Amino acid sequence: MPELPEVEAARRAIEEHCLGKKIISSIVADDSKVIDGGISPSDFQDSLLGKTIVAACRKGKNLWLQLDSPPFPSFQFGMAGAIYIKGVAVTKYKR
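In terms of my numbering, the numbers along the sequence shown are unbroken and rise by one, the last being 118.
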């Protein structure tokens with residue numbers, strides 16, 4: 024399971040490479056553990072399109088994106104979770 028430093032490294036990578044950028048596509052799993060709250064995965068996907076990333080925030084091992092308007096997607100990395108940024112080498116935490 025990713026530890027706190029890995030989640031912080033992901034947050035910093037998003038802040039470095041993604042702030043001010045618009046979301047042009049997204050993939051959302053059709054899984055009740057991923058989407059909760061009475062919205063379909065495709066509707067959630069559509070609601071992210073065109074939003075601008077304003078900040079990447081973290082509290083403990085929870086990471087979320089502050090967008091220019093709701094929704095604000097949150098992430099829990101689980102056992103092997105990670106954030107991948109297109110065109111950016113994988114960021115690893117270094118002690």
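Even for Gly, the Cβ is constructed at its ideal location relative to N, Cα and C.
The structure displayed is predicted, hence computed values, not measured ones.
| Query | Result |
| --- | --- |
| Is the number of C-beta pairs between the segment 32 to 52 and the segment 70 to 86 that are closer than 8 Å three or more? | yes |
| Using a 10 Å radius around the Cβ and a threshold of 16 neighbouring Cβ atoms, would you call residue 98 buried or exposed? | buried |
| Buried or exposed for residue 57, going by 16 or more other Cβ atoms inside 10 Å? | exposed |
| For the segment 32 to 82, list the beta strand (DSSP E) runs that are entirely contained and at least 3 residues long, ordered along the chain. | 76 to 82 |
| Given a cut-off of 8 Å, decide if residue 76 and residue 90 are closer than it, judged by their beta-carbon atoms. | yes |
| As a quick exercise: from 68, 64, 39, 83, pick the residue whose alpha carbon is nearest that of residue 100. | 83 |
| With a CB to CB cut of under 6 Å and the five nearest residues on each side skipped, what residues in its chain are close to residue 44? | 76 |
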